[in-house]
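**Student:**
Numbering (my numbering), first residue to last: 11 to 59.
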């Protein structure tokens, strides 16, 4: 978030693992992540072999 808050989201399930940001505040980010889940997984594997 622009105010410094953070949330950890699992790529495979898009489950919020930690953080205290309301789901309504995360809605746009989670929607984007859902549409780009394959890209996120591939990039994660590339950067974390």
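All C-beta atoms, glycine included, are put in the ideal place defined by N, C-alpha and C.
(1) Taking only heavy atoms of the ligand ADP into account, decide whether any of them is closer than 8 Å to the Cβ of residue 34.
(2) Tell me the DSSP secondary structure of residue 25 in three-state form.
(3) Using the C-alpha atoms, what's the distance from residue 19 back to residue 25?
(4) Identify, in the order they occur along the chain, each residue of the same chain with its Cβ nearer than 7 Å to the Cβ of residue 44, setting aside the five sequence neighbours on each side.
(5) Given residue 38, which residues of its chain have a CB within under 6 Å of its CB, disregarding the five upstream and five downstream residues?
**Tutor:** By the coordinates alone:
(1) Only the bare structure without any ligand can be found here, which leaves the ligand ADP out of the picture.
(2) coil
(3) 5 Å
(4) 24
(5) none
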